[in-house]
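Protein chains in written order, with this note's numbering: chain A, 5 to 225; chain B, 5 to 225.
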C-alpha cells in the first residue's frame, strides 16, 4: 500500500494529496508530527519535512520532486501542459505559490495562527498576521489578472499550478483568512477546483483545536 | 541574442549560468539590481527576483523552471538522470540546496555579509553569521556521506544537483566561508566540478567592494 506521511494543514502535503487523487492513486494517510523529529522520521527524510511518499518501493520527499515523479510515471490524466514553454510558465507559478506566496502569506497567517499553537511555540505575532493579511490582497489581485486572460492559472488547461495555489488557499480558508469577495475570477476559479472529487478528502479534514468553519466544505460558499 | 538578468553572487543565477554553459548556450549577462525593483524589471518578472532568462522569444523566471525548460528543449548533454526515481532523488537534492541549505546557510552567511552591504541594509547580524557557520558543517558532512556511496551527489552521473550545490558553495567560497579541509570527499567533488569549462565565467566574477580571494579561482585550492 502506498503511504503518505503528512499533516492536514500543510499546503505542500495538500498539493501532493490533490495530485494523487487526480491520478487516482490510493494512499494511506499517516499524520507525522515532523517537528518532533523522531529518528525513524529523519531516516525517511533527513530534511525533517513532510510530505514523504512511499510508493513503488521508493521513499520520496520534497513536494515538487514528488509531483514531477508522479507526472512522469502516471502521465494520465496530464497535470502538466505539453509544450516546454507552457510547462515553464506552470512551474514559474508553482514556485510563485510555494516560495513567494508561502513566505509572504501562508507562513505569516497559517504558521502564526495554527502551527505555533500545535507545536507549543506560543502566540501569533500580530505584526506577522497583519503583514500576511495585507499581502494576500495583492496575490488575489494578481491571480484575478491572470484569470482575466486564461481559463486556469497557467493557461487554458488545469495544471499543477492550480493545485498548488488551491493547496495554499484551502489551508488559509480553513482559518477564515481568505476574502472571497475581493475578486470574482478567483472565487469562480476556487469554486471550480473545490468541486472536483480530488478535493473531497481535503474538505473532510478536521484539525483538533481548530474547528472547521461551515463555509469551508460548502461548494456554494 | 539570449540574455540573462542576474547578479554575480546569487546561487540561483549561478545554477542557471552553469546549466547554460554545460549546454553550450551563449548568453549575454546583464546585471540587474533587483532590489531596486524598476518598473521594467517587474514587468519581466512580477516576483521581483533574478535570474530571468530571455531565450527563444520567451521570458523565463524561477531558476528551477528555467533549468527544467533547458533540459527539455536542449536534452544534450543530459544533466538529469533517465529513470524517474533517479530524477526524483536529483530534484530532492536540488530543493535541499535551494531551500534548506539556502535558509540555513547561504542566507545566513552570504546575505548577511554581502547582500546587506550592497543593498545598503546595514551590518551583518553576528547571530545569523554564527548560525550559518555552524550549520554548514552539518551540510558538508551530509554531502560527504552521500559521496561515500556515489560518484556524484545524486548518483553515478553528474546532474543538476551537483550544479545547484556548486552554485551555493562557489558563492560562499568567494567570501571564504567554506572549510575545504572538513571533508576530503567534498573537496574532491568541488575540485572536479570547479575544473569544468562551464565554471570559468563564475571563477572570473568580480564583485566591487568584495575582492576575490586568491584560492577562489585556483583549481588546486
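We put the beta carbon where it would ideally sit given N, CA and C, even for glycine. Here the structure is a predicted model, which is why all the values come from computation and not from measurement.
Residue-level contact by beta carbon fails for residue 41/A and chain B, as no gap is shorter than 8 Å. What residue 104/B touches in chain A, judged by beta-carbon distance under 7 Å, is 51, going in chain order.
Interface criterion met: the Cβ of residue 68/A is under 8 Å from a Cβ in chain B.
A distance below 8 Å between beta-carbons, with the five flanking residues on each side excluded, links residue 176/B to the following residues of its chain, in chain order: 109, 110, 113, 114, 140 and 182.
Taking C-beta atoms as the reference points, residue 135/B and residue 189/B fail to come closer than 8 Å. Listed in chain order, the non-local C-beta contacts of residue 98/B below 7 Å within the same chain comprise 68, 164, 165 and 168, local neighbours out to five positions each way being set aside. Inter-residue distance for residue 192/B and residue 206/B is about 19 Å (C-alpha atoms, whole angstroms).
The stretch 21-30 of chain B and the stretch 69-76 of chain B touch, with no fewer than 3 CB-CB distances between them shorter than 8 Å. In this structure, the beta-carbon distance from residue 172/B to residue 106/B falls below 8 Å. Chain B has no Cβ within less than 8 Å of the Cβ of residue 45/A. Residue 184/B places its beta carbon 8 Å or farther from that of residue 214/B.
Under the DSSP assignment, residue 198/A falls in the alpha helix (DSSP H) whose first and last residues are 188-198.
Chain A places a beta carbon closer than 8 Å to that of residue 64/B, counting this residue as a contact.
A residue is called buried when at least 16 other Cβ atoms come within 10 angstroms of its Cβ; residue 159/A meets this threshold and is buried.
Contact of residue 88/B with chain A is assigned, a C-beta pair being separated by under 8 Å. Among the CB atoms of chain A, one or more fall inside 8 Å of the CB of residue 92/B. A straight line joining the alpha-carbon of residue 80/A with that of residue 161/A spans about 14 Å. Counting other Cβ atoms within 10 Å of its Cβ, residue 34/A stays below 16 and is therefore classed as exposed.
Against residue 204/B, chain A offers no close residue; the least beta-carbon distance is about 27 Å (beta-carbon pairs closer than 8 Å).
Out of 200/B, 84/B, 61/B and 55/B, the CA that lies nearest to the CA of residue 12/B is found in 55/B. For residue 57/B, the secondary structure class from DSSP, reduced to helix, strand or coil, is strand. In this structure, DSSP gives residue 41/B a state outside helix and strand, which the three-state scheme calls coil. The beta-carbon of residue 77/A is placed less than 8 Å from the nearest beta-carbon of chain B. Here DSSP, grouped into helix, strand and coil, assigns residue 31/A to coil. By the C-beta density criterion, residue 92/B is buried, having at least 16 other C-beta atoms within 10 angstroms. Membership of residue 24/B in the alpha helix (DSSP H) is indicated by the continuous run 15-26. Setting aside the 5 residues that flank it on each side, residue 197/A is surrounded in the same chain by 162, 166, 167, 170 and 203, each with a C-beta closer than 8 Å to its C-beta; the list follows chain order.
For residue 74/B, the enclosing alpha helix (DSSP H) has its first and last residue at 67-77.
Membership of residue 7/B in the beta strand (DSSP E) is indicated by the continuous run 7-10. Residue 63/A is bridged by DSSP to 58/A.
For residue 184/B, the three-state secondary structure derived from DSSP is coil.
Chain-ordered listing is empty here: chain A has no CB closer than 9 Å to the CB of residue 116/B, the nearest sitting near 18 Å. Within the same chain, and ignoring the five residues on either side of residue 71/A in sequence, the residues whose Cβ sits closer than 7 Å to its Cβ are 19, 20, 23 and 164.
Residue 187/A and residue 148/A do touch by the CB rule: their CB atoms are close to 4 Å apart, below 8 Å.
Counting only unbroken stretches of 4 or more residues, the alpha helix (DSSP H) elements lying wholly within the stretch 100-132 of chain A are 111-114, in sequence order. Judged by beta-carbon spacing, residue 6/B lies within the 8 Å limit of residue 58/B, meaning their Cβ atoms are closer than that value.
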